[in-house]
Structure formats: C-alpha cells, structure tokens
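Residue numbers (our numbering): 1 to 363.
Since the structure comes first, as structure tokens, the remarks are kept for the end.
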Amino acid sequence: MSAFSFRVDREDLHKTSFDSGYVGAIEAPLKKGEALLSVDAFALTANNITYGVAGDQIGYWQFFPQALPWGQIPVWGFGTVVASDVETLHVGQRFYGYFPMASHLRVEPGKVSPHGFVCQAEHRRALPQAYNQYSLATPELGFPPEEDRMRMLLNPLFTTAFLLAAQLKDAEYFSAESVLLTSASSKTAMSLAYLLNRFHNVKVVGLTSKPNLDFVQSLGVYQSVIAYEALEQLSVEPAALIDIAGNSAVRARLHRRFADQLRHSSLVGITHYEAEPGERVPLPGAEPTPFFAPSQAEKMIKEGGQDRFRAELAEQWAGFICHAVAWCDLKVVSDGAGLERVYRDVASNPSPRNGYLFERASG
Ligand SMILES: NC(=O)c1ccc[n+]([C@@H]2O[C@H](COP(=O)([O-])OP(=O)(O)OC[C@H]3O[C@@H](n4cnc5c(N)ncnc54)[C@H](OP(=O)(O)O)[C@@H]3O)[C@@H](O)[C@H]2O)c1
C-alpha cells in the first residue's frame, strides 16, 4: 500500500471509499514553500468520529478538503518529510500533528521554528491554530519513540481532560461536591477522572452503558460508577456535569434529577452520536455550555505562558501513561482493508479497552 486516501460520506459516516485519483495528486510537483509528508501512523477513537459528526458545524471537513459527498476525517499521528521545497524543512524530519487518513499530506510550513511549524495553507488559515501545528518529534523535544503509540491514541484526549480539570479548578468546581462524567468508559472521561482523583479534592461519578460497567469500575479512578438506566438512583448533591456522551435524553434526565443542585453543565462530546435527538425544552439546573479544548488551551497559555502550560501537561501526562498501559489493549493495522475494518469498529462502539492504531508497514 504505497498511496491511499480513505474517505467517508459526510451524510452517512458508515459509507466509506478509497480515492483512486489520489496517486496523481501526490505525484504532482511541489510548489515553492510546500513540503510532502508521508503519514506514518495515526490513532482512531470516538473523538475522530465526532470530527465527522460535527464536521460542518465546527469546520473539521475543511482541513483536508474532498469533493462532495466525501470528507476526510482528521486523525492525530506522525508523518515524515519525504520531499521539501522549504529551505528550513528537511527530508527525514518527523512531525506529530493532525493528518488525514491517507498516505501523504502536503503542507505549507511558512516559518519553521526549532519546535516545528504551523501549516499556512490558505484553506486552513481560519481554523484553530492547535490543529495546524506540527511538532518536531525528536526525543530531545519530548517525543521518545517508545511513547509514540500512547501519544497518538491518548494525548489529545488527555490534554482535553487536563484543560477541563483546570477549568473546573479555576471555577472552584462551581461549588459542586461531585463531578458527573457521562461516557465514563471513554478515554477522555477516564483521563479526567484520573486527574480529578489524583490532583483534586472532589468526588468523581461515572455514568456508562451496562456492558462497560465492570471495565469502568476496574479503572479505580471513579468513586462510584452507575449505568445510564439507574441514574435516578444517584444521590442528589451539588454537582457539575461533564457530558461526553452528548445523549440528550440522558442529559435531560440528569438535569431533572439534580435540578438546581446541578451547578455546571458542560457539553464536551457526542460519543452517542446515533442516539435520538431529544426535544429542545429548557432544562432545570445550570445552562449547558459548549466546551472547546483549543479555546481553553489558548486562554491558559495567555494567562500562564506556553512554558508553564507545556511543563504541567508533560508532568501529569507522564503519570497517566503508566496508568493507561495497564488497561489498554492495542489493535494495530497496516493496510487499507485493516484501516476500513478498524474505522467501522470505532464507529460502532467497540470495547473501551481497545486502542486502535494504523501504522504503515515499512518498505
Ligand atoms: N470538546 C472538546 O474540545 C473535545 C476534545 C476531545 C474529545 N472530545 C469528545 O469526547 C468524546 C470522547 O472521545 P474519546 O476519543 O475519548 O472516546 P472513546 O475512548 O473512543 O470512547 C468510547 C466510549 O464512547 C461511547 N461510545 C462510543 N461509540 C459509541 C456509539 N456508537 N454508541 C454509543 N456509545 C458510544 C462508549 O461509552 P459509554 O458506554 O461509557 O457511553 C464507549 O465505550 C468524543 O465525542 C470527542 O469528540 C471533545
């Protein structure tokens, strides 16, 4: 498999195809200021499916444009420069960042710093900077190769959890005694539960689907875990809701159960993307507010500086990887058929233990 581009139908994420015209596109000569990266590896989780679900609303289809009805879902991974018409970017350099599910990516690096570059391609300029940034992935800059797999799979989700934990702390937990997390089995939720449990003095309650109850309990980061069906048994106390499932029926039941004791309600994810949309009626308790990780990161960096942000994140991440290796079951594929299979698995709710990775076979 030397060149490929995997696409999904924007209107029906279960329909997929490989773009047969892609080889010509990557063989076209580079323009001045462009470089070509081979995509070496990437991870797939429900987060990527959400990029597809919210593709129009948040602009995720614009990163790697495709002719309709197709769209290319972004993934986090590593790529290596294979051709460059940028003086300061060299063949063989490896970068971590946002890639298409494809064999190659053309970038327009603009200014290259010792840490990497921001892609300046016209169609990406208006999109959040966090997604246009490519970090030079050397061990000296914090990318030891033995961490590659965990980084692709968990670091974007852990970073979101780090930002959520900081937001909660800044707001003094909105005077809540417990933090309720839906889709408690998701990697984003368990990262947040880990951080709250380890560094914050607040009770963490996980809500999950019945088949995932045992797994979530076994993680040891939630003080209590309950199935969605049983949420009316939760004791009512001042609480903050971090909604990762995005299931409006579950959210409405939680708001009704906690009513004015629900001090904060944050809309973080949409893992239950196929759940029926609920009625749009005002809910008791705090007004649900969207959370967008890049915006919170920009705020924190502005307030505390880039160096402090990087150092705190790196320190907490190091502890989390040790926790994650104990429960994570990596599933690695390296060809088109495998990628298609893995995508279908991720889109249809596999075991939360699984960590899906694509790694291009060398040679
Ligand atoms: N707002 C932001 O800035 C931001 C940043 C990062 C991530 N997120 C969001 O956080 C969410 C979690 O992402 P992740 O990568 O951590 O997820 P993940 O680990 O892949 O989550 C897997 C879990 O999600 C639920 N799930 C997945 N697919 C499902 C389906 N088809 N039907 C029903 N439930 C399903 C199940 O949890 P349960 O059985 O426990 O419900 C499943 O165990 C995503 O929606 C992502 O976009 C948001």
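Just so it is clear, CB atoms sit at the ideal spot from N, CA and C, and this is done for glycine as well.
Measure the CB-CB distance between residue i and residue j and report whether it falls below 8 Å.
i, j, result
"PHE291", "SER265", "no"
"TRP70", "ASP9", "yes"
"VAL112", "THR88", "yes"
"SER183", "LEU157", "no"
"ARG106", "LEU36", "yes"
"GLY269", "SER186", "yes"
"LEU262", "GLY285", "yes"
"ILE244", "THR208", "no"
"LEU127", "GLN62", "yes"
"ARG353", "PHE174", "no"
"HIS104", "SER38", "yes"
"TYR194", "HIS323", "yes"
"PRO238", "ALA171", "no"
"THR160", "ALA293", "yes"
"ALA41", "ARG360", "yes"
"TYR131", "GLY116", "no"
Looking only at C-alpha atoms, which of the options sits nearest to residue i?
i, options, result
"ASN48", "PHE99, ASP40, ARG125 and GLN93", "PHE99"
"LEU339", "GLY305, GLU172, THR45 and LEU36", "THR45"
"VAL23", "ALA102, THR50 and GLY304", "ALA102"
"TYR222", "LEU283, LEU330, VAL205 and GLU146", "VAL205"
"GLU287", "ALA297, SER295, LEU241 and SER38", "LEU241"
"ILE301", "GLY33, ASP243, ASP335 and ALA166", "ALA166"
"GLN66", "GLU108, VAL81, THR16 and HIS115", "THR16"
"THR188", "ALA171, ALA176 and LEU164", "LEU164"
"SER348", "ALA3, LEU13, PHE4 and SER2", "LEU13"
"LEU219", "VAL325, ALA314 and PHE309", "VAL325"
"ASN201", "GLU229, ALA3 and LEU168", "LEU168"
"PRO211", "PHE199, TYR228 and LYS203", "TYR228"
What residue does the alpha helix (DSSP H) around residue i start on, and which one ends it?
i, result
"GLY319", "306 to 324"
"ILE58", "55 to 58"
Starting from residue i, trace the beta strand (DSSP E) in both directions and tell me its first and last residue.
i, result
"TYR356", "354 to 359"
"LEU219", "Unbroken run through LEU219: none, as it is neither H nor E."
"LEU44", "35 to 44"
"THR159", "Looking at the DSSP string, THR159 is not in any beta strand (DSSP E); the run it does join, the alpha helix (DSSP H), is 148 to 170."
"THR16", "12 to 18"
"ILE73", "Careful: ILE73 lies outside any beta strand (DSSP E) and carries neither H nor E."
"ASP345", "Looking at the DSSP string, ASP345 is not in any beta strand (DSSP E); the run it does join, the alpha helix (DSSP H), is 336 to 347."
"LEU181", "178 to 181"
"SER224", "224 to 227"
"ALA240", "239 to 243"
"HIS264", "262 to 267"
Can we count residue i as close to ligand 1, meaning its CB is less than 7 Å from some heavy atom?
i, result
"ILE244", "yes"
"SER272", "Note on residue identity: the sequence assigns His, not Ser, to residue 272. Under cutoff, so the answer is yes."
"PRO144", "no"
"ALA46", "yes"
"PRO352", "yes"
"PHE158", "no"
"ALA293", "yes"
"SER248", "no"
"LYS15", "no"
"THR289", "no"
"THR208", "yes"
"ASN132", "no"
"ALA393", "What the structure shows of the chain is the stretch from 1 to 363, and residue 393 is not part of that stretch, so it cannot be assessed."
"LYS299", "no"
"LYS187", "yes"
"ASN212", "yes"
"ASN349", "yes"
"THR50", "yes"
Check whether the Cβ of residue i sits closer than 7 Å to any heavy atom of ligand 3, and report yes or no.
i, result
"GLY269", "For the structure depicted, ligand 3 is absent and the ligand set comprises only ligand 1."
Does the beta carbon of residue i sit closer than 8 Å to a beta carbon anywhere in chain C?
i, result
"THR50", "This model lacks chain C altogether, as it is built from one protein chain only."
Check: Is the number of C-beta pairs between the stretch 245 to 254 and the stretch 139 to 151 that are closer than 8 Å three or more?
Finding: No: fewer than three Cβ pairs fall under 8 Å.
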